[in-house]
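Throughout the sequence shown, residue numbering follows our numbering, covering 58 to 356 in sequence. Down below is the structure, laid out as structure tokens.
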Amino acid sequence: MKKIFTLCAVLICFSTFAQNRFFYEYKFIPDSTNRADVKTEMMLLDIDEKGSKYYSQDKFLSDSTSQADLEKQIKTGSTNLTLSRREKPGQVAYKVTKDYPDFKTYLFTRISSDMYKIEEDKKPEWKILAEKQKIGSYSAQKATTNFGGREWTAWFTTELPFQDGPYKFYGLPGLIVKIEDKTGSHNMTLVGNKKMPMRVEKDVETPGGVQIYGMGGKEVMINKNQFIKAWKSYVNDPTKNMREMMMKNNENNKVVFKTTSADGKEISDPNQVFREIEKRTKENLKKNNNPIEPELYGK
């Protein structure tokens with residue numbers, strides 16, 4: 058889907074420091090009624106002395122390319138900014154950060170145009186078992202926990218001295234190298250690691266500082282109950298935020314949404330665009346009914 062805007066953006070540039078990057082192969086089943094459809098995404102866990110960040114590699118690359126494209130358009134003085142969908146935008150849109158030393162954990166996830174920052178109010182409580190096995194090249198030990206509405210089995214190794222792991226998991230005597238829920242719907246396995254420069258995000262402001270729909274912008278800090286309420290509202294009315302943005306149009310700032318129909322024809326009439334997006338969103342929600350953390354989505 059292509060979106061055209063007359064507005065300004067907040068972009069991100071990067072400076073560098075040293076960090077450890079761990080690569081996790083994430084296999085998940087988005088539709089509980091179609092367990093043969095297993096998705097795979099490469100996830101990154103970046104760890105430094107201040108904390109960690111867990112996010113999709115494809116999502117990061119897609120966002121970086123889009124930001125570079127937009128920055129180039131802004132530098133040319135264009136007032137009509139074009140944002141195009143990338144070939145591999147990533148299947149996992151959320152990210153998780155943990156702040157050391159207390160492991161304060163935050164989930165960043167988007168509902169429509171709004172980015173939310175949700176503080177985790179529970180920590181994983183582990184039962185460490187005697188069972189051990191080899192996971193990749195590491196000697197690992199078994200542990201179990203109930204978290205987010207699922208029963209999880211984890212394998213950790215003291216050979217990697219980090220009390221961290223993928224998603225919101227942490228608190229074991231070594232890095233979690235594999236974790237899977239009881240139903241086999243979500244599996245994260247360490248497949249590699251390396252030392253590399255650390256990304257430090259800094260805002261690059263543009264005139265006006267107007268947010269681009271679906272990109273950038275300041276996140277809204279909320280608790281879990283508030284997120285559940287916002288999610289249910291979105292499910293009932295997926296295009297509400299888009300309509301509200303268009304209602305604010307004026308001669309100086311204008312937001313225009315475009316999409317394509319199933320047969321590839323461009324749709325620009327706002328009412329048709331909203332109908333098409335609402336239809337696709339509801340179809341997509343039916344096929345994505347098996348989230349990693351069911352409790353967060355009121356399940």
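All C-beta atoms in this analysis are idealised placements derived from N, C-alpha and C, irrespective of residue type, glycine included. From a predicted model like this one, the values you see are computed outputs, not experimental measurements.
Kindly list the residues whose CB is nearer than 8 Å to the CB of residue i, restricted to its own chain and excluding five residues on each side of it in sequence; keep chain order.
| i | result |
| --- | --- |
| Glu2 | Not covered by the structure: residue 2. The range shown for the chain is 58 to 356. |
| Asp94 | Ile86, Pro87 and Asp88 |
| Lys239 | Arg207, Glu208, Trp209 and Thr210 |
Just the Cα atoms here: how many angstroms apart are residue i and residue j?
| i | j | result |
| --- | --- | --- |
| Asn77 | Lys84 | 22 Å |
| Arg207 | Met172 | 25 Å |
| Leu64 | Met302 | Since pLDDT at Leu64 reaches only 31, below the 50 mark, its modelled position is unreliable, and no value is offered. |
| Trp288 | Met299 | 15 Å |
| Pro223 | Asp326 | 43 Å |
| Thr210 | Gly147 | 26 Å |
| Ile61 | Phe314 | With a pLDDT of 34 at Ile61, under the threshold of 50, the modelled position of that residue is not reliable, and the figure given next carries that caveat. About 6 Å. |
| Met99 | Ile233 | 16 Å |
| Pro348 | Tyr227 | 20 Å |
| Ile168 | Tyr291 | 7 Å |
| Val330 | Lys252 | 45 Å |
| Gly241 | Lys179 | 23 Å |
| Asn280 | Asp320 | 41 Å |
| Gln198 | Leu186 | 7 Å |
| Met245 | Asn328 | 41 Å |
| Lys344 | Asp103 | 30 Å |
| Lys322 | Tyr112 | 34 Å |
| Gly97 | His243 | Note on identity: in this sequence residue 97 is Thr, with Gly being the wrong assignment. The alpha-carbon atoms of Thr97 and His243 are separated by roughly 10 Å. |
| Thr202 | Lys191 | 20 Å |
| Glu340 | Leu101 | 29 Å |
| Asn293 | Arg337 | 13 Å |
| Thr90 | Leu342 | 13 Å |
| Glu182 | Lys356 | 21 Å |
Going by DSSP in three states, residue i sits in which element: helix, strand or coil?
| i | result |
| --- | --- |
| Trp183 | coil |
| Pro87 | coil |
| Glu333 | helix |
| Lys191 | strand |
| Thr338 | helix |
| Ser113 | strand |
| Arg167 | strand |
| Phe54 | In the structure as shown, the chain begins at 58 and stops at 356. Residue 54 is therefore absent and cannot be evaluated. |
| Glu301 | helix |
| Val248 | strand |
| Tyr81 | strand |
| Pro14 | Given a span of 58 to 356 for the chain in the structure shown, any question on residue 14 remains unanswerable. |
| Pro158 | coil |
| Lys199 | strand |
| Glu352 | helix |
| Lys107 | coil |
| Pro230 | coil |
| Pro327 | helix |
| Leu101 | strand |
| Lys322 | coil |
| Arg92 | coil |
| Lys315 | coil |
| Lys275 | coil |
| Lys152 | strand |
| Lys225 | coil |
Between which residues of its own chain and residue i is the CB-CB distance below 6 Å, once the five residues before and five after are set aside?
| i | result |
| --- | --- |
| Glu177 | Thr162 and Lys225 |
| Glu335 | Pro295 and Thr296 |
| Glu82 | Thr246 and Val248 |
Taking C-beta to C-beta, are residue i and residue j nearer than 8 Å?
| i | j | result |
| --- | --- | --- |
| Lys189 | Ala200 | no |
| Phe165 | Lys155 | no |
| Lys107 | Tyr157 | yes |
| Lys235 | Leu247 | yes |
| Glu352 | Gly205 | yes |
Who are the Cβ neighbours of residue i in its own chain at under 7 Å, not counting the five residues just before and after it?
| i | result |
| --- | --- |
| Thr215 | Pro230 and Gly231 |
| Asn250 | Asn77, Arg78, Phe79 and Phe80 |
| Glu276 | Phe165, Met172, Tyr173 and Lys174 |
| Phe284 | Tyr173, Ile175 and Leu353 |
Within the present structure, is the beta-carbon of residue i separated from the nearest heavy atom of the ligand COA by less than 7 Å?
| i | result |
| --- | --- |
| Ala150 | In the structure shown, the ligand COA is absent, as is every other ligand, since no ligand is present at all. |
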